[in-house]
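The listed protein sequences derive, respectively, from chains B and A. FYI, the working numbering numbers position 367 of the first sequence as 367, with every residue one higher than the one before it. FYI, the working numbering numbers position 114 of the second sequence as 1114, with every residue one higher than the one before it. Don't be surprised by glycine CBs; every beta carbon is placed ideally from N, CA and C. Predicted model only: the values in this text are computed from it and were never measured. A short worksheet on the structure shown next.
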Amino acid sequence: MARFAVVALLHLAFATPSLSNEASVVTGSVAKMSSDAWIITGFDSALELTDAGLSGEFSIVRIVLLESGQVFDDIRIVCTSIILTTHTTQCAQATFTLDIPGIGRQAIPGALTYNQRTSTAEIELASVAIAGGRVRCNITMNDAGVDIRYAGTQLQLAGLHEVAANFSDAFAEYSAGGLADIVGTFSAPRERPVHIAFVADLGEVSLANNAGTVAADGVAGKLDLDITLASDTTRFDLSFDSQQGEAYLEPVYANFSESALSLQAEDVVTPDFSVFGIPRFRVQQEALLDMSGSAKLRLPTDEAPTTGITADVELRNSSVASLYTNLIKIAAAGTILGDLEADGTLSGSVSIVDSALRSANVQLDDTILDDRRGRFAIYALDGNVDWSADENRVPDTSQLRWGSGTVYNIVIGSGAVNLQLGNNDVEMLGPLRLSTLGGALLINQLVLKDFGSDDATGALDAELEPIQLGQLTAAFGWPAFSGTLSGRLPLLQLAKNTITVGGTLSAQAFDGTMEVSNLRIEQPFGRVPRLYAELAFRDLDLRRVTEAFSFGLIQGRLSGDVLGLTMQNWRPVAMDMHFYTPADDKSQHRISQRAVENLASVGGGGAAAVLSTGFLKFFDVFAYDRIGLRCVLKDGVCKMSGAGPAKSGPQGTGFYLVKGSGVPRIDVVGFRNTVSWPRLVQQLAAITRAGSPTVN
Amino acid sequence: MRRIATTFMSLFLVFVVACVTINVYFPEAAAIEAADRIIDKVRGEDADNTTSFVHPGNRRDVSVLLAFAHGVSSFLISDASAQGDVDFDKPSPEKQALENSLAARFPSLRPYLDSGAIGLTDAGLLEFRDRSLVPLKDRNSVVQLVAAQNNDWNALYAEIAELNGHTEWQDSIRRTFADRWIAKADRGWYYREGGVWKQK
């Protein structure tokens, strides 16, 4: 609207002066003029004709632009030389003195030309001091509208931000710093919306909103903006390239110094500079990211500090690590995917609605996903994943291949699998053979439904081809068992947050057998998984067992049962554990001094003193009739018993841990009926860690 | 005389209040002790030598008679918590796991409490006070840490209430923890009470 005011003033000044009788000075005065768009008060003009030529002075007390409410006070234009031709009035050396909102009062050198025939005014402002820098403006005004060309150097963004605050409160939440050189145009055609275009060379630019959810620091680069201001929306094309600095748009962080950024967006529409509709965009960050598509973006607010994104995106060779850190990690906080080391590249299409993944059809290349807490890892993962949250769309088959992996410390070999993915469903198509621990896990069937919810259900049909027990126990840092573990898990089912195993796992170990039955795991993916099972050990060769655990040599057979085993967080909290010499065992029964000492310490102690003194210390091994050890664990306390009650002694009635036979006969008798379970575990750990037997 | 009359009036009021509160009695002293122990554990400090028992409420001067009245009313309330099976230190594997994960995460959060980037809230949680104090490159990691820590605190408050069979105490437990966190905050840490950030 400013254009009409200025054009009208020029008409007043040059076209309709009121002449006085003394021709050397022509003065004019208008108290008030107004239109729909503006009010001008106190216009005065004085033209003077001297030998040097025509000069003039014009002043306006106040211009009010009604639409924006802006007020310009005390405007003066001094022309030292006015040249009049048939059609033009020229003021080649003019000084404009006025108050510019947000900048202050300044005298600006320039020039002014008015063409009466075309009603066109051209104003040149040679050097306007704005925001610590200088701007040169060329303004053309006529009935068609206003055009301004401008070029500014070394403009401080903090100052520009202050100036902008006088015209719009869209950026009130923001602060800015740094320097910019700007070249551009401003045009306000009469019948069409205002159009602003500029190219800015930015140096050391910083930007932040009050909440710190949008921020940039040390950014240098080139910004190319083409803006159209309609009455209720702003539309713009944007191109931005930067090789220096960093930026944060919660939760996304990007470092342009490490990976240069190139960003283009077209036809972006925004009503308020906080919500943006972006029909076409492309973001590239060297090797990290190449992404294009359409998006709706809501910048972070105090109430919703995370950027809201709805987008359809095509990704090309983008870094899995960068996508994981910026887009998945925060949403996955506290889950098993919350703390991954990720690597590899990803291509494909992704659809996001309200910041949540809606569908993905992506190709993975040489990907690594490694849980920093060591629970699982997968290496050299390739293939494609097609997934959709839309119940009505059946995704294509997902095919994955991997080089190797780990689950806790168990190493898994390469494999390939075809999966059908649904919203929260996974179904394996065709069997999968996972080679591990010198054997393999053969999974015939795997179905998971509503994964991640409390209503999750699933079924697994698997067989364990004999794996080496030694490798399994070594993976957990236990002594190396000899033997193999194999079995069938015909009906492993997941329902109500509980995994139930229908079949029995059996192991061939220490020349005997071990069986795990009634296996049930509650809250398997929860904070505290609870495991229930029953174990049966039959005819283990004690010599091999004691060698493996360096317990001190015992010869003979050993059977055992662990009934009602309850584990929380993989630690036993309740069970009835009973190990004993099988009744029908005809093998040689011998026990070494060290084993006697160790058993004695487990049973509550005392025997070591007997052994290391007296004549018994001359014997390395003793014969025994039977061994027994029973612990009924409840509330952290083991209720101990053994191979039957022993004769009463001065310490009360005890129970045999080892019932001796032959000469010299040695009985290990326990008197302590209750032992703290943590202490017992500590003792056993100390025994199996200890070196050679210590007999004085 | 007036002083004695006032005191007797106060005494009467204490009895009345005692009668009203008997049904909603929350064993605050026990909660404070448990909160102190857990907070010390999370902060990685030895609970035995750094904490002292702190009485709930304001320690304004009270006349001896009022103190007596309080004692009598406490007796009349008959300390439901002590007689029931309320035990805020009652162990459970979930509680243990939550305390451990809170304690494991705390050293990574402490520098941001020290700098004032994050602060304590009266809901017994952590919240961002000034993101600009966190370097840009670390900002989303800290957002994730705070979210994960708050998930665990919420779960812990629910777990303690549930362990004691009083799920309705969850808010009281939360407030107790919030108060104790603020009371035990390091000098310079920020906390938010009633929507306003204050510095300790």
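G512 of chain B and L540 of chain B - do their beta-carbons sit closer together than 8 Å?
By 1-based counting over the first sequence, the position of residue 540 of chain B is 540. By 1-based counting over the first sequence, the position of residue 512 of chain B is 512. Yes, these two residues count as a Cβ contact at 8 Å.
Figure out for me which residue from B:A265, B:N673, B:S294, B:L157 has the closest Cα to the Cα of V219 of chain B.
Taking the first residue of the first sequence as position 1, residue 219 of chain B is located at position 219. Out of B:A265, B:N673, B:S294, B:L157, B:L157 has the C-alpha closest to the C-alpha of V219 of chain B.
Per the DSSP calculation, R626 of chain B is bridged to which residue(s)?
For the purposes of this step, residue 626 of chain B is taken as the residue at position 626 of the first sequence. In the DSSP output, where bridge partners are listed per residue, R626 of chain B has B:K659.
C-alpha distance - Q420 of chain B paired with A356 of chain B, whole-angstrom precision
Here residue 420 of chain B is taken as the residue at index 420 of the first sequence, counted from 1. Here residue 356 of chain B is taken as the residue at index 356 of the first sequence, counted from 1. Roughly 21 Å separates the two Cα atoms.
Proximity of E48 of chain B and S55 of chain B at Cβ, strictly below 8 Å
The residue labelled residue 48 of chain B in the question sits at position 48 within the first sequence. The residue labelled residue 55 of chain B in the question sits at position 55 within the first sequence. Their beta carbons are under 8 Å apart, which means E48 of chain B touches S55 of chain B by this criterion.
Return the residues of the stretch 517-528 of chain B that lie within a Cβ-Cβ distance of less than 8 Å from chain A, sorted by chain order.
R527, V528
If you draw a straight line from the C-alpha of F256 of chain B to the C-alpha of I123 of chain B, how long is it?
For the purposes of this step, residue 256 of chain B is taken as residue 256 along the first sequence, with counting starting at 1. For the purposes of this step, residue 123 of chain B is taken as residue 123 along the first sequence, with counting starting at 1. Looking at the two C-alpha atoms, the distance is approximately 41 Å.
Under a three-way DSSP split, which group does N1100 of chain A fall into?
Numbered from its first residue, the second sequence carries residue 1100 of chain A at position 100. DSSP places N1100 of chain A in helix when its eight states are reduced to three.
If we ignore side chains and look at the alpha-carbon of each, how far apart do Q106 of chain B and I130 of chain B end up?
By 1-based counting over the first sequence, the position of residue 106 of chain B is 106. By 1-based counting over the first sequence, the position of residue 130 of chain B is 130. Answer to the nearest angstrom: the Cα atoms are 10 Å apart.
Which of helix, strand or coil DSSP assigns to A600 of chain B:
Locating residue 600 of chain B in the first sequence gives position 600, counting from the first residue. The answer is helix: DSSP assigns A600 of chain B an H, G or I state.
Could I get the ranges of all uninterrupted beta strand (DSSP E) runs contained in the stretch 292-338 of chain B, with 3 residues as the minimum, in chain order?
Counting whole runs of 3 or more residues, the stretch 292-338 of chain B contains the beta strand (DSSP E) stretches 308-319.
So which residues of chain A does D44 of chain B contact, with C-beta pairs closer than 7 Å?
The residue labelled residue 44 of chain B in the question sits at position 44 within the first sequence. Chain A residues near D44 of chain B: none, gap ~51 Å exceeds 7 Å.
Going by C-alpha distance, which of B:A31, B:T306, B:Y248 is nearest S206 of chain B?
Counting from 1 along the first sequence, the entry for residue 206 of chain B is found at position 206. Closest option to S206 of chain B, Cα to Cα, is B:Y248.
Just list the residues that DSSP pairs W402 of chain B with in beta bridges.
The residue labelled residue 402 of chain B in the question sits at position 402 within the first sequence. According to DSSP, W402 of chain B bridges with B:G415.
W570 of chain B in three-state terms, based on DSSP:
Position 570 of the first sequence holds residue 570 of chain B. Judged by DSSP in its simplified three-state form, W570 of chain B adopts coil rather than helix or strand.
With C-beta atoms as the reference, is G145 of chain B less than 8 Å away from R190 of chain B?
Stepping through the first sequence from its first residue, residue 145 of chain B is reached at position 145. Stepping through the first sequence from its first residue, residue 190 of chain B is reached at position 190. Yes.
Within the 8 Å Cβ cut-off, does G452 of chain B reach chain A?
Numbered from its first residue, the first sequence carries residue 452 of chain B at position 452. No, no contact with chain A.
Taking beta-carbon pairs under 9 Å, can you tell me which members of the stretch 288-321 of chain B lie near chain A?
P305, T306
Report all residues from its chain with a CB closer than 8 Å to the CB of N1164 of chain A; omit the five preceding and five following residues, and keep chain order.
Working through the second sequence from its first residue, we reach residue 1164 of chain A at position 164. D1085, V1086, D1087, F1088, K1090.
What I want to know is whether the C-beta of G293 of chain B ends up closer than 7 Å to one or more non-hydrogen atoms of the ligand ATP.
Ligands displayed in this structure: none; no statement on the ligand ATP is therefore possible.
To test your reading of the DSSP string, which unbroken alpha helix (DSSP H) runs of 4 or more residues are found completely within the stretch 1164-1200 of chain A?
1170-1183
Three-state class that DSSP yields for D541 of chain B in the structure shown
Working through the first sequence from its first residue, we reach residue 541 of chain B at position 541. Correct three-state label for D541 of chain B: strand.
Between B:V426, B:P305, B:V71, B:G560, which lies nearest to V447 of chain B when the distance is taken from Cα to Cα?
As a first step, residue 447 of chain B must be located in the first sequence, where it is residue number 447. Looking at the Cα atoms, B:V426 is the closest of the given residues.
Going by other Cβ atoms of all chains shown within 10 Å of its Cβ, with 16 needed for buried, is R1187 of chain A buried or exposed?
As a working mapping, residue 1187 of chain A is identified with position 187 in the second sequence. The residue is exposed, with fewer than 16 neighbouring Cβ atoms inside 10 Å.
Reducing DSSP to helix, strand and coil, say where E191 of chain B ends up.
Translated into the one-based positions of the first sequence, residue 191 of chain B becomes position 191. In the three-state reduction of the DSSP assignment, E191 of chain B falls in the coil class, being assigned neither a helical nor a strand state.
So which residues on chain B does S1132 of chain A lean against when the C-beta distance must stay under 8 Å?
If you number the second sequence from 1, residue 1132 of chain A lands on position 132. What S1132 of chain A touches in chain B: A208, G212, A215.
CB contact below 8 Å: Y253 of chain B versus chain A:
Within the first sequence, residue 253 of chain B is the residue found at index 253, counting from 1. Taking Cβ atoms only, chain A reaches closer than 8 Å to Y253 of chain B, which makes this a yes.
If contact means a Cβ-Cβ distance below 8 Å, which residues of the stretch 331-347 of chain B contact chain A?
A333, G334, G338
Please report how far the alpha carbon of A111 of chain B lies from the alpha carbon of L289 of chain B, in whole angstroms.
The sequence position of residue 111 of chain B within the first sequence is 111, counting from 1. The sequence position of residue 289 of chain B within the first sequence is 289, counting from 1. Each residue's alpha carbon lies about 50 Å from the other.
By a C-beta neighbour count over all protein chains shown, 10 Å radius and 16 as the cutoff for buried, is W1181 of chain A buried or exposed?
Within the second sequence, the letter at position 181 stands for residue 1181 of chain A. It is buried - the Cβ of W1181 of chain A has at least 16 other Cβ atoms within 10 Å.
Classify G1194 of chain A as buried or exposed, calling it buried when 16 or more other Cβ atoms lie within 10 Å of its own Cβ.
Reading the second sequence from its first residue, position 194 is the one you call residue 1194 of chain A. With fewer than 16 Cβ atoms within 10 Å of its Cβ, G1194 of chain A is classed as exposed.
Which residues does DSSP list as the beta-bridge partners of Y707 of chain B?
Since the first residue of chain B shown is 1 and the last is 696, residue 707 of chain B is not available in this structure.
Kindly list, in the order they appear in chain B, the residues whose Cβ is closer than 7 Å to that of R1174 of chain A.
Taking the first residue of the second sequence as position 1, residue 1174 of chain A is located at position 174. Here the premise fails: no neighbours, minimum Cβ distance about 19 Å.
Any beta carbon of chain B sitting closer than 8 Å to that of E1045 of chain A?
In the second sequence, the residue the question calls residue 1045 of chain A occupies position 45. No - not a single Cβ of chain B is within 8 Å of the one on E1045 of chain A.
Any beta carbon from chain B within less than 8 Å of A1031 of chain A's own beta carbon?
As a working note, residue 1031 of chain A is residue 31 in the second sequence. Chain B contact via Cβ: absent.
With a 10 Å radius around its C-beta and 16 neighbouring C-beta atoms as the bar for buried, classify W1153 of chain A as buried or exposed.
For the purposes of this step, residue 1153 of chain A is identified with residue 153 of the second sequence, where counting begins at 1. So W1153 of chain A ends up on the buried side.
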